[in-house]
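Working notes, structure below.
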Amino acid sequence: MSTHGAYYIPHKAVWPVLATAGLMLMLAGFANHLNGSGIGSGMMLTGFVTFLVMLGFWFALQSTESESGMYNHGVGISYRMGMMWFIFSEVMFFAVFFGALWYARNISIPHLGEGGMPSGPGRSTHDVLWPAFQAVWPTNGPGNVGGEFEPMGAFGLPFINTLLLLSSGVTCTWAHHGLLAKNRDQLIKGLLATVGLGFLFVAFQATEYYEAYHEMGLTLGSGIYGSTFFMLTGFHGFHVCVGAIILSVVLFRSWKGHFSPENHFAFEAAAWYWHFVDVVWLGLFIFVYIM
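Be aware that the sequence shown starts at 585, since it is given in the numbering used here, and climbs by one per residue.
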């Protein structure tokens, strides 16, 4: 057991080694699959299962150690700093994609469609590359290379999803207040609502993608608009899935009686991540769907 003033030294564990092995198998399997190897899919599945098993056992070990009082104040600070840096890396991850969208929409397209830098005596980039190209957004590329498509509107499923995520942020905060007040019933109900709203968001986004592909002609091949649309919304949808799974684990632990007002960082970390996902979606809704 750790004392409050001593620095916690973790014991030896095999889980980091298994995590590395699982990720390497997935990567090697994916590379083999892309090159037509028959063993690629099997390697990917083996690596994925290895990684999932590692997560389950490692998280179970961490929760047991935390609930038994093995972690001191220094460990809590380390956890919080680690989560802060992780969310910062996620902010930079999405900042790159928002930057790509801004650059394409506000610099590249006007540059190509309205003249650009001279490329010769009396000639501009626009004249040389594609004289008929017009600087309009959304665009499917010069010569309609992306095919005809209908841009995704903001006030439909995207607006409903915005309301769902904002509501989930409220229910998550309500659950946190229940935990601090030692009201486990409120904690569990708030987490149930948050997880349900999160997975409902994912279901609605899957419906939106189906309509985009089969009814609107909007695909990944629909020029820069299609690629940035699916890149941003797809990665965000993946993060919602991850956040909902994390909150499901927190919900399960809450059912088992884990967490107290003094020791509940796992809940806090999940809540931080979920609120980050909410904020990113608001940016997506404004800059991708409305603008």
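Yeah, the Cβ is synthetic: ideal placement off N, Cα and C, and Gly gets one too.
Would you call GLU846 buried or exposed, if buried means 16 or more other Cβ atoms sit within 10 Å of its Cβ? exposed
Supposed close pair ILE829, TYR857 - CB separation, criterion 8 Å: Their Cβ separation, rounded to whole angstroms, is 11 Å, which puts ILE829 and TYR857 out of contact at 8 Å.
Rounded to the nearest angstrom, what separates ASN616 and GLY821 at their Cα positions? 27 Å
Give the DSSP bridge partners of ASN847, in chain order. SER844
Just verifying my parser: in three-state terms, what is the DSSP assignment at GLN718? coil
Going by DSSP in three states, SER703 sits in which element: helix, strand or coil? Here the model assigns SER703 a pLDDT of 48, short of 50, so the residue's position is not dependable, and the following value carries that caveat. Of the three classes helix, strand and coil, the one that applies to SER703 here is strand, per DSSP.
What's the C-alpha gap between PHE635 and GLY801? 37 Å
Give me the Cα-Cα distance between GLY737 and GLU799, rounded to the nearest whole angstrom. 13 Å
Using a threshold of 8 Å, state whether the C-beta atoms of THR723 and ILE691 are closer than that. no
Just how far apart, CA to CA, sit TYR793 and LEU804? 11 Å
Using CA atoms only, rank isn't needed, just tell me which of SER751, PHE814, GLY631 and HIS760 is closest to ALA684. PHE814
Go through its chain and collect everything with a Cβ distance to GLY876's Cβ below 8 Å, but skip five positions before and after it. Residue numbering for the chain in the displayed model covers 585 to 875; residue 876 lies beyond these limits and cannot be assessed.
Is the CB-CB distance between PHE849 and ARG664 below 8 Å? yes
Let me know the secondary structure DSSP gives LEU685 once reduced to three states. helix
Rounded C-alpha distance that separates ASP769 from LEU763: 9 Å
Whole angstroms are fine: how far does the CA of TRP714 sit from the CA of LEU696? 8 Å
In three-state DSSP terms, what is SER586? Its pLDDT being 47, under 50, SER586 is placed unreliably in this model, and the coordinates cannot settle the point.
Looking only at its own chain, which residues have a Cβ that is under 6 Å from the Cβ of GLY867, when we skip the five neighbours before and after it? none
Beta carbon of PHE678 nearer than 8 Å to that of VAL864: yes
Contacts around PHE871, its chain only, beta-carbon distance under 7 Å, and the 5 residues preceding and following it disregarded: PHE682 and LEU685
Nearest candidate by alpha-carbon position, reference THR604, set HIS595, SER621, GLY827 and VAL633: VAL633
VAL637: first and last residue of the uninterrupted alpha helix (DSSP H) it sits in: 624 to 651
Under 8 Å between the Cβ atoms of PHE641 and VAL833? no
Determine the extent of the alpha helix (DSSP H) in which VAL872 is found, giving its start and end residues. First-last for VAL872: undefined, no H or E at that position.
Would DSSP call LEU804 helix, strand or coil? coil
Buried or exposed for VAL824, please, with buried defined as at least 16 other CB atoms from any protein chain shown within 10 angstroms of its CB. buried
HIS761, buried or exposed, once every other Cβ within 10 Å from all chains shown has been counted against 16: exposed
Through-space distance from VAL720 to VAL637, alpha-carbon basis: 49 Å
Taking the C-alpha atoms as reference points, what is the distance between GLY660 and ARG689? 44 Å
If I follow the unbroken alpha helix (DSSP H) through PRO934, where does it start and stop? In the structure as shown, the chain begins at 585 and stops at 875. Residue 934 is therefore absent and cannot be evaluated.
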